[in-house]
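Student: Numbering-wise (UniProt numbering), the sequence shown opens with residue 1 and increments by one. One structure coming up, written as structure tokens, with questions to follow.
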Amino acid sequence: MSASSPLFGDLLLKLGIVSPSQVQEALALQALTGQRVGEALISLGYVTREQIQDALGEALGLHQDKSPLQPALGELLVGLKYVTLAQLDEGLARQRRDGRKLGEILVELGHCTYKQIYEALGLQNRIAGRQDLARPTSDGRRRVVVVDDSPLACAFVQEGLVALGYEVLCFQDPFEALESMGRLQPVIVLSDLEMPGLDGVELCRRLKEGPRHAVPVIILTANDVEAERVRGLRAGADDYVNKSASMDELAARIESVVRRTGETERMRKLFARYTSDAVVEEILKSADAVVLTGEKREVTLLFADIRNFTGLAESLPPEQVVGVLNQVLGRMSDAVLTCGGTLDKFLGDGLMAVFGAPVARPDDALRALQCAKMMMDALTDLRIEAEAEWAANGREGQPLALELGIGINSGVVVAGNIGSTVRAEYTCIGDAVNVAARLCALAGPGEILVGERTRELVDANETAFEDLPPVRLKGKQQPVPLFRAL
Numbered sequence: 001m002s003a004s005s006p007l008f009g010d011l012l013l014k015l016g017i018v019s020p021s022q023v024q025e026a027l028a029l030q031a032l033t034g035q036r037v038g039e040a041l042i043s044l045g046y047v048t049r050e051q052i053q054d055a056l057g058e059a060l061g062l063h064q065d066k067s068p069l070q071p072a073l074g075e076l077l078v079g080l081k082y083v084t085l086a087q088l089d090e091g092l093a094r095q096r097r098d099g100r101k102l103g104e105i106l107v108e109l110g111h112c113t114y115k116q117i118y119e120a121l122g123l124q125n126r127i128a129g130r131q132d133l134a135r136p137t138s139d140g141r142r143r144v145v146v147v148d149d150s151p152l153a154c155a156f157v158q159e160g161l162v163a164l165g166y167e168v169l170c171f172q173d174p175f176e177a178l179e180s181m182g183r184l185q186p187v188i189v190l191s192d193l194e195m196p197g198l199d200g201v202e203l204c205r206r207l208k209e210g211p212r213h214a215v216p217v218i219i220l221t222a223n224d225v226e227a228e229r230v231r232g233l234r235a236g237a238d239d240y241v242n243k244s245a246s247m248d249e250l251a252a253r254i255e256s257v258v259r260r261t262g263e264t265e266r267m268r269k270l271f272a273r274y275t276s277d278a279v280v281e282e283i284l285k286s287a288d289a290v291v292l293t294g295e296k297r298e299v300t301l302l303f304a305d306i307r308n309f310t311g312l313a314e315s316l317p318p319e320q321v322v323g324v325l326n327q328v329l330g331r332m333s334d335a336v337l338t339c340g341g342t343l344d345k346f347l348g349d350g351l352m353a354v355f356g357a358p359v360a361r362p363d364d365a366l367r368a369l370q371c372a373k374m375m376m377d378a379l380t381d382l383r384i385e386a387e388a389e390w391a392a393n394g395r396e397g398q399p400l401a402l403e404l405g406i407g408i409n410s411g412v413v414v415a416g417n418i419g420s421t422v423r424a425e426y427t428c429i430g431d432a433v434n435v436a437a438r439l440c441a442l443a444g445p446g447e448i449l450v451g452e453r454t455r456e457l458v459d460a461n462e463t464a465f466e467d468l469p470p471v472r473l474k475g476k477q478q479p480v481p482l483f484r485a486l
């Protein structure tokens with residue numbers, strides 16, 4: 001390959017020394033003057049003779065151990081998307097006329113800023129002596145994935161973030177980046193906005209709808225149009241950063257987003273043990289409205305207790321007792337989560353559930369009643385299963401039947417993380433809690449007792465109630481109205 005070959009122009013493109021439009025202009029000049037492609041590029045001011053010699057050495061295999069060549073400033077500016085090809089061509093044409101520096105001309109024309117020129121010059125110097133930065137490290141640093149179709153833009157971001165202590169992996173193919181997310185598990189993704197085939201907004205949308213939806217995304221763009229920002233944010237982007245921003249600003253944005261994401265995951269793990277995925281998502285969507293430190297709110301409390309369990313425990317080996325208890329409490333817990341409640345705590349052979357904290361819904365009282373009936377149905381199913389197993393094993397008589405007693409009450413409580421610095425739990429305290437617990441103690445096997453406020457909150461068309469005589473409860477001066485859910 002010689003400097004007169006059209007393929008030599010392809011080599012210069014591959015090495016990032018010239019742009020496609022510059023090669024086309026050189027080929028057109030070659031047709032007019034008969035110059036070699038390399039000579040035409042030199043006469044047009046796009047390359048130096050030293051760059052041509054180095055490129056020839058690269059083509060002949062003479063520079064296998066040489067670091068990447070220094071790319072032209074114009075190519076860097078285009079690669080970073082600070083200027084367009086048309087703007088660069090305009091600047092180079094003026095440079096050929098008056099001989100001034102390209103950077104000064106582009107700033108004078110209003111195509112970029114001096115800050116962008118300085119960033120491109122700094123990148124130019126670093127690339128000249130840069131080793132292979134695409135090789136991943138494995139020293140425990142936080143991993144950042146950068147997706148940008150421009151190798152120069154990738155190199156710029158990678159160089160800056162590596163210097164700040166991050167591990168950075170770059171992809172110029174957004175489809176390849178999506179396929180690699182599960183394997184790489186980055187703490188954050190930085191994506192260019194404008195890419196062929198799959199732009200940053202679509203990449204963000206697909207990532208947020210996939211199994212790695214919790215990974216935060218920052219979109220990097222030179223396009224500061226509000227409509228584009230809104231489109232990206234609606235797709236799930238966590239932040240927008242202009243490419244003209246300093247590396248310190250980008251790092252600060254990354255830290256802020258990662259910190260927010262960490263808090264979100266902490267909250268997700270905290271509540272995932274106690275409530276349904278749907279409620280967790282509501283908490284995360286309206287995190288500002290969720291108070292964990294303590295607040296007064298009206299909730300509906302449900303206490304459920306297994307009747308006859310003491311007798312069962314005395315008739316079975318300890319491991320079987322635990323197995324039966326886990327099976328029953330598991331069915332009861334499923335009912336709480338299915339109805340959108342929060343599993344507050346297990347109480348020996350029973351449990352406490354809350355409807356209305358940390359997320360309130362207008363039908364919390366009805367959800368609690370539906371949950372109670374699901375628990376009753378679950379115990380019936382377990383009883384039928386136990387009887388069938390008993391008969392299948394040829395045993396005489398019938399197994400000891402387990403029943404539930406349930407108490408439900410609504411009222412204002414204090415909800416929040418309660419405990420010490422060593423151990424705390426999200427729970428509710430107040431008179432309404434005490435009343436619900438005492439109604440549960442009063443309930444007979446298979447009975448659901450309901451307080452007056454819960455009866456008021458539930459539409460009579462949804463659930464039928466039987467009026468019972470008021471009862472005196474510990475701590476209450478007046479008899480408490482009582483209802484049985486039918």
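Just so you know, even glycine gets a beta-carbon here, dropped at the ideal spot from N, CA and C. Predicted model, so just to flag it, every value in this text is computed and none were measured.
Can you list, in chain order, the residues of its chain whose CB lies under 7 Å from that of T298, leaving out five sequence neighbours each side?
Tutor: Translated into positions along the sequence shown, residue 298 becomes position 298. Here residue 298 turns out to be Glu, not Thr, going by the sequence shown. Excluding positions up to five away in sequence, the list reads G356, S410, G411 and V412.
Student: Grab the span of the alpha helix (DSSP H) containing residue 487 for me, first residue to last.
Tutor: What the structure shows of the chain is the stretch from 1 to 486, and residue 487 is not part of that stretch, so it cannot be assessed.
Student: Using only the alpha-carbon positions, how far apart do S19 and V168 sit?
Tutor: The sequence position of residue 19 within the sequence shown is 19, counting from 1. The sequence position of residue 168 within the sequence shown is 168, counting from 1. Each residue's alpha carbon lies about 27 Å from the other.
Student: Which same chain residues end up closer than 7 Å to V433 when comparing Cβ atoms and leaving out the 5 residues on each side of it in sequence?
Tutor: Residue 433 sits at position 433 when you count from the first residue of the sequence shown. Around V433: L301 and V413.
Student: Less than 8 Å between the beta carbons of S150 and G200, yes or no?
Tutor: On the sequence shown, residue 150 is found 150 positions in, with the first residue counted as 1. On the sequence shown, residue 200 is found 200 positions in, with the first residue counted as 1. Against a cut-off of 8 Å, the Cβ pair of G200 and S150 comes out as no contact.
Student: For R212, which option in V189, Q30 and K101 has the closest C-alpha, if you only look at C-alpha atoms?
Tutor: In the sequence shown, residue 212 corresponds to position 212, counting from 1. Per the Cα distances, V189.
Student: If you drop the 5 nearest sequence neighbours on each side, which residues of the same chain put their C-beta closer than 6 Å to that of D148?
Tutor: Here residue 148 refers to the residue found at position 148 when the sequence shown is read from its first residue. Contacts found: C154 and D192.
Student: Does DSSP put R135 in a helix, in a strand, or in coil?
Tutor: Taking the sequence shown and counting its residues from 1, the one referred to as residue 135 is at position 135. Here R135 scores only 40 on pLDDT, less than 50, and its place in the model should not be relied on; the value that follows carries that caveat. It is coil, neither helix nor strand.
Student: Shortest alpha-carbon distance to residue 559 belongs to which of G330, C371, A378 and E314?
Tutor: Within the shown structure, residues of the chain are numbered from 1 to 486, placing residue 559 beyond reach of any answer.
Student: Can you tell me where the alpha helix (DSSP H) with N434 in it begins and where it stops?
Tutor: The sequence position of residue 434 within the sequence shown is 434, counting from 1. It spans D431 to L442 - the alpha helix (DSSP H) in which N434 sits, taken as one unbroken run.
Student: Since C204 and A237 are thought to touch, with beta carbons under 8 Å apart, how far apart are those beta carbons, to the nearest angstrom?
Tutor: As a working note, residue 204 is residue 204 in the sequence shown. As a working note, residue 237 is residue 237 in the sequence shown. Confirmed, Cβ separation roughly 5 Å.
Student: Indicate the three-state DSSP secondary structure (helix, strand or coil) for Y240 in the structure shown.
Tutor: The residue you call residue 240 lines up with position 240 of the sequence shown. DSSP places Y240 in strand when its eight states are reduced to three.
Student: In chain order, what residues of the same chain have a beta carbon less than 8 Å from the beta carbon of E90, not counting five sequence neighbours either side?
Tutor: Along the sequence shown, one-based indexing puts residue 90 at 90. L109 and H111.
Student: Within 10 angstroms of its Cβ, does I429 collect 16 or more other Cβ (buried), or is it exposed?
Tutor: As a first step, residue 429 must be located in the sequence shown, where it is residue number 429. That one is exposed.
Student: How is the alpha helix (DSSP H) around L109 delimited, first residue to last?
Tutor: Here the question's residue 109 lines up with position 109 in the sequence shown. Run containing L109: none; DSSP gives neither H nor E here.
Student: Starting from M195, follow the beta strand (DSSP E) in both directions and report where the run begins and ends.
Tutor: Here residue 195 corresponds to residue number 195 of the sequence shown, with the count starting at 1. That residue, M195, is in no beta strand (DSSP E); it is neither H nor E in DSSP.
Student: On the DSSP bridge list, what partners appear for C428?
Tutor: Indexing the sequence shown from 1 puts residue 428 at position 428. In the DSSP output, where bridge partners are listed per residue, C428 has A415.
Student: Rounding to the nearest angstrom, what Cα-Cα distance links G485 and G394 in this structure?
Tutor: Numbered from 1 along the sequence shown, position 485 holds the residue referred to as residue 485. Numbered from 1 along the sequence shown, position 394 holds the residue referred to as residue 394. Sequence check: residue 485 is Ala here, not Gly. If you take the alpha carbons of A485 and G394, they lie about 38 Å apart.
Student: DSSP on K373, reduced to helix/strand/coil?
Tutor: Taking the sequence shown and counting its residues from 1, the one referred to as residue 373 is at position 373. Residue state, collapsed to three classes: helix.
Student: Below 8 Å on the Cβ atoms is my guess for G407 versus R383; work out the distance and round it to an integer in Å.
Tutor: For the purposes of this step, residue 407 is taken as residue 407 along the sequence shown, with counting starting at 1. For the purposes of this step, residue 383 is taken as residue 383 along the sequence shown, with counting starting at 1. Not a contact, Cβ separation roughly 21 Å.
Student: Just to confirm the assignment, what range does the beta strand (DSSP E) spanning L343 have?
Tutor: To locate residue 343, count along the sequence shown from 1; it is residue 343. Here the beta strand (DSSP E) through L343 covers T342 to F346.
Student: Helix, strand or coil: how does DSSP classify R297 here?
Tutor: Here the question's residue 297 lines up with position 297 in the sequence shown. If DSSP states are grouped into helix, strand and coil, R297 belongs with the strands.
Student: Can you look up S410 in the DSSP assignment and give me helix, strand or coil?
Tutor: By 1-based counting over the sequence shown, the position of residue 410 is 410. If DSSP states are grouped into helix, strand and coil, S410 belongs with the strands.
Student: So, L351 versus A304, is the Cβ gap smaller than 8 Å?
Tutor: Residue numbering aside, residue 351 sits at position 351 when the sequence shown is read from its first letter. Residue numbering aside, residue 304 sits at position 304 when the sequence shown is read from its first letter. A contact, by the Cβ cut-off of 8 Å.
Student: Suppose you measure from the CA of L329 to the CA of L379; what does that come to, to the nearest Å?
Tutor: On the sequence shown, position 329 is the one that residue 329 refers to. On the sequence shown, position 379 is the one that residue 379 refers to. So the alpha carbons of these two residues sit roughly 10 Å apart.
Student: Look at L73 and L12 and say whether their C-beta atoms are less than 8 Å apart.
Tutor: What you label residue 73 is simply residue 73 of the sequence shown in a count that begins at 1. What you label residue 12 is simply residue 12 of the sequence shown in a count that begins at 1. No.
Student: Thinking L325 and D349 are a contact (beta carbons under 8 Å), I'd like their distance in whole angstroms, please.
Tutor: Within the sequence shown, residue 325 is the residue found at index 325, counting from 1. Within the sequence shown, residue 349 is the residue found at index 349, counting from 1. The Cβ separation is near 6 Å, so the contact holds.
Student: Cβ of T463 within 8 Å of Cβ of L316?
Tutor: For this step, residue 463 is matched to residue 463 along the sequence shown. For this step, residue 316 is matched to residue 316 along the sequence shown. Cβ distance not < 8 Å, so T463 and L316 don't count as in contact.
Student: In this structure, what does DSSP give as the bridge partners for E471?
Tutor: Translated into positions along the sequence shown, residue 471 becomes position 471. It should be noted that the sequence gives Val, not Glu, for residue 471. Paired residues: V480.
Student: Which of helix, strand or coil does DSSP assign to L41?
Tutor: Position 41 of the sequence shown holds residue 41. Looking at L41 - three-state DSSP - the assignment turns out to be helix.
Student: Return helix, strand or coil for E209, following the three-state DSSP convention.
Tutor: Within the sequence shown, residue 209 is the residue found at index 209, counting from 1. In this structure, E209 counts as coil in the three-state DSSP scheme.
Student: Just how far apart, CA to CA, sit A251 and R143?
Tutor: Position 251 of the sequence shown holds residue 251. Position 143 of the sequence shown holds residue 143. Looking at the two C-alpha atoms, the distance is approximately 13 Å.
Student: Give me the Cα-Cα distance between F171 and T48, rounded to the nearest whole angstrom.
Tutor: Translated into the one-based positions of the sequence shown, residue 171 becomes position 171. Translated into the one-based positions of the sequence shown, residue 48 becomes position 48. Approximately 30 Å, taken between the alpha carbons.
Student: Measure the Cβ-Cβ separation of D239 and I218 and say whether it is below 8 Å.
Tutor: As a working mapping, residue 239 is identified with position 239 in the sequence shown. As a working mapping, residue 218 is identified with position 218 in the sequence shown. Yes. Within cutoff.
Student: Locate the alpha helix (DSSP H) running through A86, then write down its first and last residues.
Tutor: Within the sequence shown, numbered from 1, the residue matching residue 86 stands at position 86. Element bounds for A86: L85 to D98.
Student: Determine whether the beta carbon atoms of V145 and P196 lie at a separation below 8 Å.
Tutor: Counted from its first residue, the sequence shown places residue 145 at position 145. Counted from its first residue, the sequence shown places residue 196 at position 196. Not a contact, by the Cβ cut-off of 8 Å.
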